[in-house]
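Remarks on the structure that follows.
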Amino acid sequence: MKVDRKYLFEDCCIVDNKMWYSSSQYNGLLYMDIETKEVVFVDFIPEEELMGKRLFSKIIYQNGKLFLIPFFSTALVIYYIAENRFERYNIESDCGCKFYDAHVYKEKLYLLPMNEKTVYCYDMQEKSLRK
Numbered sequence: 023m024k025v026d027r028k029y030l031f032e033d034c035c036i037v038d039n040k041m042w043y044s045s046s047q048y049n050g051l052l053y054m055d056i057e058t059k060e061v062v063f064v065d066f067i068p069e070e071e072l073m074g075k076r077l078f079s080k081i082i083y084q085n086g087k088l089f090l091i092p093f094f095s096t097a098l099v100i101y102y103i104a105e106n107r108f109e110r111y112n113i114e115s116d117c118g119c120k121f122y123d124a125h126v127y128k129e130k131l132y133l134l135p136m137n138e139k140t141v142y143c144y145d146m147q148e149k150s151l152r153k
């Protein structure tokens, strides 16, 4: 059986009839139109390996932005949907598998560790990432 690579992902979120996700088989941000089932490749995620696997473990929507939570990636990546623009917050780490979950609480995004030694917090108002 042949597997269609454009449908392999760790997590997704639904915004305005679009199911957004990052491919788990290569570097790419995509969405699927829920009504038509059409899959659209949006863009490569900047500064990531083209064939990087499992770069992001989770994707969260908040206030017009998609937050891509790093698994094998070296950064928290934010995608501004209306502007079609990426922003990166690098994470210095020796861990391969960094974060597997994240949650928003009071304008803060908490990245919960898999092998990382601490919880990280992204402040949405200050636009800063801290341990």
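In this text, residue positions in the sequence shown follow my numbering: the first is 23, and each later residue adds one. Built from N, CA and C at the ideal position, the CB exists for glycine as well. Since the structure is predicted, the reported quantities are computational estimates derived from the model, not experimental observations.
Host beta strand (DSSP E) of residue i (start-end)
| i | result |
| --- | --- |
| Tyr5 | There is no way to answer for residue 5, as the model of the chain reaches only from 23 to 153. |
| Ser45 | 40-45 |
| Ala97 | 97-102 |
Best match in the options for proximity to residue i [C-alpha to C-alpha]
| i | options | result |
| --- | --- | --- |
| Ile113 | Val61, Ala124, Ile91, Ala104 | Ile91 |
| Ser46 | Glu60, Ile36, Ile67 | Ile67 |
| Arg110 | Cys34, Glu70, Ile56, Tyr127 | Glu70 |
| Tyr101 | Val61, Glu60, Leu52 | Leu52 |
Own chain residues within Cβ distance below 6 Å of residue i, not counting five before or after
| i | result |
| --- | --- |
| Val25 | Low local confidence applies: a pLDDT of 45 at Val25 is under 50, so the model's placement there is unreliable, with the coordinate-based value given in what follows. The answer is none, since no qualifying residue turns up. |
| Cys143 | Lys130, Tyr132, Arg152 |
Proximity of residue i and residue j at Cβ, strictly below 8 Å
| i | j | result |
| --- | --- | --- |
| Glu32 | Phe94 | no |
| Ile81 | Leu88 | yes |
| Lys40 | Met54 | yes |
Residues sharing a beta bridge with residue i, DSSP
| i | result |
| --- | --- |
| Gln84 | Lys87 |
| Cys35 | Trp42 |
Residues of its chain near residue i, where Cβ-Cβ distance is below 8 Å and the 5 sequence neighbours each way are ignored
| i | result |
| --- | --- |
| Asn137 | Cys117, Gly118, Cys119, Lys120 |
7 Å Cβ shell around residue i - same chain, five flanking residues per side excluded
| i | result |
| --- | --- |
| Val141 | Tyr132, Leu133, Leu134, Pro135 |
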